[in-house]
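Reviewing the structure listed below.
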Amino acid sequence: MMVGLLLAMAIAAPPAKGDARSVLRRSGCQTCHDSALSVEHTDALEQFDLKDPKWSDGMTDRQLPILLQRMGDRPKADLAVVRSFIDTELRTRRTKRASSPPPASSGTQ
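According to our numbering, the stretch in the sequence shown is residues 2 to 110, in order.
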């Protein structure tokens, strides 16, 4: 059952990620967060690079919600797309962590 849920979430996630990426580009984030346009904003590109289809994979769970704060006064529909992506991404990450076996003990005896 868990595998089916993970598979369903994985299949649903890419369009949400792609939609959020499009919204962020339209919102002006690409000015600093797209290495195809500019490489001078190294601090911003270390956080995420919209050129990369896996742009959010390196972001922490704490960083993702900050996207909404940084978007400011954008149309409600755009905010909803990004909020939906963040919710889905965080839920997927929690599910993966919950289903992963704990790390093996590396202590010596």
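Here a beta-carbon is modelled for each residue, glycine too, at the ideal position from N, C-alpha and C. In this text, all values refer to a predicted model and were calculated from it rather than measured experimentally.
Limits of the unbroken alpha helix (DSSP H) element including residue i
i   : result
S85 : K77 to S100
T43 : T43 to Q48
T32 : Q31 to H34
Cβ pair residue i, residue j closer than 9 Å
i   : j   : result
S36 : D79 : no
L46 : C30 : no
M72 : L25 : yes
Close beta carbons around residue i, own chain, < 8 Å, minus the five adjacent residues each side
i   : result
L65 : S57, I87, E90 and L91
Close beta carbons around residue i, own chain, < 7 Å, minus the five adjacent residues each side
i   : result
K18 : S57 and F86
R22 : L51 and W56
Burial state of residue i (16 or more Cβ within 10 Å)
i   : result
V40 : exposed
L69 : exposed
Cα-Cα separation between residue i and residue j, rounded to whole angstroms
i   : j   : result
F49 : D20 : 16 Å
H42 : P54 : 19 Å
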